[in-house]
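Numbering (our numbering), first residue to last: 246 to 626.
A virtual CB, placed ideally from N, CA and C, is assigned to each residue, including glycine.
From a predicted model like this one, the values you see are computed outputs, not experimental measurements.
What follows is a short report on a single structure.
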Ligand SMILES: *Cc1c(COP(=O)(O)O)cnc(C)c1O
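Structure representation (structure tokens):
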């Protein structure tokens, strides 16, 4: 029996619905990874990624054949050697994943923590910075909906001489990102988050300074597949390293073009507007922001505390029967919050109208969709 895959309303904080241009691009004829047309396409991707990341002209950009976590892993694999002091900011599961990876690559990891729902304090980083070779931080912590103060942290790190790695998975492509101005040395994201391309590619950006540190390694990078020099062999020197997934390159290229054509400020405004309207629609039911400090709320993942007594599993189960996917909390926030995705194509009125109309029906409430539309008035559905 064939498995049925119905149309679905994905409101999850990744993956996001695929952009129509990316979907169309997937069906382009197959080419070889060494064909000149593919190298030309790759060049455009590299240039567009520099724009997306706000990177310097000498910043190397590429796609890794894997998801966002491979982007994370490649950074530690190339920039850390056994015994290096690495400072990792942890205020949620993705920060914890960074600390785990750095440890596996032999780093002596110092962790700067903040409670769940709160941002990393720059003063706490400053206090631990001495002697660190690399500092790693998640820009937008998906597990809690917290935006960490990367510009302030970067200013501190710049003065210390350490390298700075930033997880830009929930920000790059949806929020302006200023790798050069802030002084970020390594950044990565995943294709299926803010860009609304299919999962399977990790766009990365590596600063000239990161390359210098990489070149001074005493030992070869233990992760051969993502060795920075191997990446440059293929992306800059056009020689074979491994077979890249060209169809995914087509789709990412189209999604990235669409994002830059729309403009990062316009995308940022779209996420903010839909997020604001959603909060207004749901507030009378008792949903409140999980993150207390407004400036620490991640615009692309709206974390809302559930009303007292709300049947989280039951309601999400019934939404799921209607093919609407809503993500709950993770770990300590399980059963306490919903995390509504506002990345890429998820930040559109239509999927959230579907959710609000379904909630009106399931909860016997009225006016949710109307409040949402009122708050949204200037944005076409
Ligand atoms: C999703 C996510 C990742 C990991 O990406 P995968 O594509 O699932 O491997 C890393 N960091 C953050 C902040 C994320 O949201």
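Rounded straight-line distance, which links the Cα of residue j to that of residue i
{"i": "residue 444", "j": "residue 352", "result": "29 Å"}
{"i": "residue 427", "j": "residue 400", "result": "7 Å"}
{"i": "residue 339", "j": "residue 613", "result": "33 Å"}
{"i": "residue 274", "j": "residue 495", "result": "10 Å"}
{"i": "residue 210", "j": "residue 447", "result": "Not covered by the structure: residue 210. The range shown for the chain is 246 to 626."}
{"i": "residue 319", "j": "residue 432", "result": "10 Å"}
{"i": "residue 503", "j": "residue 619", "result": "28 Å"}
{"i": "residue 449", "j": "residue 405", "result": "24 Å"}
{"i": "residue 465", "j": "residue 459", "result": "9 Å"}
{"i": "residue 566", "j": "residue 410", "result": "40 Å"}
{"i": "residue 569", "j": "residue 595", "result": "12 Å"}
{"i": "residue 597", "j": "residue 589", "result": "13 Å"}
Buried/exposed call for residue i, threshold 16 Cβ in 10 Å
{"i": "residue 412", "result": "buried"}
{"i": "residue 469", "result": "exposed"}
{"i": "residue 284", "result": "exposed"}
{"i": "residue 386", "result": "buried"}
{"i": "residue 430", "result": "buried"}
{"i": "residue 289", "result": "exposed"}
{"i": "residue 296", "result": "exposed"}
{"i": "residue 249", "result": "exposed"}
{"i": "residue 538", "result": "exposed"}
{"i": "residue 553", "result": "exposed"}
{"i": "residue 526", "result": "buried"}
{"i": "residue 609", "result": "exposed"}
{"i": "residue 463", "result": "exposed"}
Spatially closest choice to residue i from the options, by CA coordinates
{"i": "residue 563", "options": "600, 544 and 531", "result": "600"}
{"i": "residue 607", "options": "590, 570 and 561", "result": "561"}
{"i": "residue 485", "options": "280, 527 and 248", "result": "280"}
{"i": "residue 493", "options": "442, 514 and 507", "result": "442"}
{"i": "residue 278", "options": "483, 566, 272 and 525", "result": "483"}
{"i": "residue 422", "options": "602, 512, 502 and 250", "result": "512"}
{"i": "residue 312", "options": "618, 260 and 464", "result": "260"}
{"i": "residue 327", "options": "542, 346, 576 and 545", "result": "346"}
{"i": "residue 585", "options": "545, 509 and 500", "result": "545"}
{"i": "residue 344", "options": "376, 530 and 383", "result": "383"}
{"i": "residue 501", "options": "268, 360, 380 and 325", "result": "268"}
Neighbour flag for residue i against chain C, beta carbons, 8 Å
{"i": "residue 502", "result": "Protein chains in the displayed structure number just one, and chain C is not present."}
Ignoring anything shorter than 3 residues, give me the beta strand (DSSP E) runs that lie fully in the stretch 564–591, in order along the chain. 582–586
key: Uninterrupted alpha helix (DSSP H) stretches inside the stretch 486–522 (no shorter than 4 residues)   = 491–507
Complete runs of the beta strand (DSSP E) confined to the stretch 318–388 [at least 3 residues]
330–335, 353–358 and 379–383
**Study point:** Inside the stretch 268–323 only - alpha helix (DSSP H) runs reaching at least 4 residues
**Key:** 281–298
Exercise. Where are the beta strand (DSSP E) runs, 3 residues long or more, that stay fully inside the stretch 397–462, in chain order?
Worked result: 408–412, 431–433 and 447–451
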